[in-house]
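A.B. asks:
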């Protein structure tokens with residue numbers, strides 16, 4: 455994947471598994487993959503169904519990103535520590551395939567080899583749990599002692615950090631000054647010489663730059679860029695990280711930015727922001743997404759792969775992500791994609807189902823549409839027969 459948010463990299467296991475994090479102070483849920491937000495108290499309509507904030511977020515992750523497992527498996531092996539074969543096997547295990555079916559999918563091996571891979575993955579999970587416990591104990595051991603009679607811990611300035619950053623990254627006053635003097639060698643009002651990779655240093659710099667923005671004022675994206683460009687050439691990275699770390703906030707369409715207020719402050723601006731966000735979210739959620747059947751066609755040999763979904767743009771993005779990450783369920787399609795490259799394939803919509811605008815709030819429509827799309831896919835599979843030499847689909851069992 456091109457970019458992994460810092461929020462995802464520092465999320466706990468519970469949030470990583472479900473794919474989103476809750477901010478109790480703002481009463482929001484934020485997608486760890488793309489930053490999409492929902493707000494408590496808002497009802498989100500989608501394809502005839504109504505969802506509360508948390509269910510809408512789960513629905514977003516399933517339809518926009520397929521699943522958290524798919525997304526995590528698509529990450530670079532340097533992040534997950536999984537080999538290409540392990541990622542592919544985990545995907546096949548998740549589908550519930552038998553060992554014999556997995557051997558057929560991999561075009562080789564034996565069932566005993568597959569069982570051994572299952573065993574090794576479980577051992578890897580046990581090791582990961584113990585390693586996580588060791589690292590957490592190590593970090594806790596490095597904190598100032600809180601035992602009676604011990605010296606008072608050095609003064610920190612973590613209270614100025616948003617959210618729980620102050621708890622996770624306690625920053626000493628002397629440490630803060632040292633970092634700023636190192637990276638702003640022309641003075642604290644000057645330009646940033648370079649942007650560090652170490653998280654604590656990044657947070658110190660971001661907090662300092664965030665002070666350039668006035669509390670209670672709304673900024674356009676152009677104004678934000680101008681302020682950041684005066685500090686550092688890569689203003690896009692600064693803007694993104696100021697949002698991700700909670701120093702700035704913005705509307706979903708990026709039209710307005712502002713300094714993010716601690717809980718209980720800036721109520722007027724927060725109310726205005728919430729109202730505008732609700733309007734934009736409702737506008738998006740009430741816009742039907744195309745659903746139906748599509749094919750991935752190899753331009754060189756004509757072989758096709760047929761699939762379907764309730765959000766065709768999301769399906770296309772998901773298919774490309776799986777192929778680019780080398781863990782697609784079709785080994786033959788994956789092989790050709792790897793050899794020929796993305797430019798050798800066309801993504802073509804075979805049939806589209808448009809929802810009835812008069813039945814937007816009919817809760818029974820979602821199930822009806824799902825069944826219709828499934829039937830459409832079955833018809834196209836029967837018509838095109840994308841199996842063997844003609845295609846990349848797996849032939850249905852029993853045929």
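Residue numbers (the numbering used here): 455 to 853. Yeah, the Cβ is synthetic: ideal placement off N, Cα and C, and Gly gets one too.
1. What did DSSP end up calling residue 786 once you bin it into helix, strand or coil?
2. Figure out for me which residue from 460, 798, 474 has the closest Cα to the Cα of residue 519.
3. If you reduce the DSSP assignment to three classes, tell me which class residue 672 lands in.
4. Can you tell me where the alpha helix (DSSP H) with residue 647 in it begins and where it stops?
5. In chain order, what residues of the same chain lie with their CB nearer than 8 Å to the CB of residue 838, ignoring the 5 residues before and after it?
6. According to DSSP, is residue 486 part of a helix, a strand, or is it coil?
7. Using DSSP bridges, identify the partner residues of residue 752.
8. In three-state DSSP terms, what is residue 568?
9. Starting from residue 553, trace the alpha helix (DSSP H) in both directions and tell me its first and last residue.
10. Use the C-beta contact count for residue 776: other C-beta atoms within 10 angstroms, 16 or more gives buried, fewer gives exposed.
11. Starting from residue 767 and walking both ways along the alpha helix (DSSP H), at which residues does that stretch end?
12. Would the beta-carbon of residue 822 fall within 8 Å of that of residue 801?
13. Taking all protein chains shown into account, decide if residue 528 is buried (16 or more other Cβ within 10 angstroms of its Cβ) or exposed.
14. So what does DSSP say about residue 813, is it helix, strand or coil?
15. Would DSSP call residue 637 helix, strand or coil?
16. Might you give, ordered along the chain, the residues of its own chain that have their beta carbon closer than 6 Å to the beta carbon of residue 510, omitting 5 neighbours on each side?
17. Is it buried or exposed, residue 533, if we count other Cβ atoms within 10 angstroms and call 16 or more buried?
18. I want to know whether the segment 630-637 touches the segment 669-682 - three or more CB-CB distances under 8 Å.
19. Helix, strand or coil for residue 475 per DSSP?
20. Under 8 Å by Cβ, that's how I've got residue 663 and residue 692 pegged, so tell me the actual separation to the nearest angstrom.
21. Please report the distance separating the alpha-carbon of residue 647 from that of residue 827.
22. May I have the straight-line CA-CA distance separating residue 751 from residue 683, to the nearest angstrom?
23. Taking the DSSP output, what are the residues bridged to residue 504?
24. Taking DSSP as the reference, what is the three-state secondary structure of residue 491?
25. Roughly how many whole angstroms lie between the Cα atoms of residue 772 and residue 530?
26. On the three-state DSSP scale, how would you describe residue 746?
27. Rounded to a whole number of angstroms, what is the C-alpha to C-alpha distance between residue 471 and residue 458?
28. Quick check on residue 847: buried or exposed, where buried means 16 or more other Cβ atoms within 10 Å of its Cβ?
29. Please name the residue in 835, 536, 505 whose C-alpha comes closest to that of residue 576.
30. At which residue ranges does the segment 677-702 contain complete alpha helix (DSSP H) runs of 4 or more residues, listed in the order of the chain?
31. Residues in the same chain with beta-carbon distance under 8 Å from residue 840, minus the five sequence neighbours each way, listed in chain order, please.
32. Which of helix, strand or coil does DSSP assign to residue 704?
C.D. replies: Put simply:
1. helix
2. 474
3. coil
4. Per DSSP, residue 647 belongs to no alpha helix (DSSP H) and is neither H nor E.
5. 749, 758, 760, 844, 845
6. The answer is coil: DSSP assigns residue 486 none of H, G, I, E or B.
7. 799
8. helix
9. 553-559
10. buried
11. 766-778
12. no
13. buried
14. Its pLDDT being 49, under 50, residue 813 is placed unreliably by the model, and the measurement read from it follows with that caveat. Assignment of residue 813 by DSSP, reduced to helix, strand and coil, places it in the helix class.
15. helix
16. 492, 498
17. exposed
18. no
19. strand
20. The distance from the Cβ of residue 663 to that of residue 692 is about 7 Å, consistent with a contact at the 8 Å cut-off.
21. 55 Å
22. 44 Å
23. 499
24. strand
25. 16 Å
26. Strand at residue 746.
27. Take the alpha-carbon of residue 471 and the one of residue 458: they are about 15 Å apart.
28. buried
29. 536
30. 689-698
31. 749, 757, 758, 759, 760, 846, 847
32. strand
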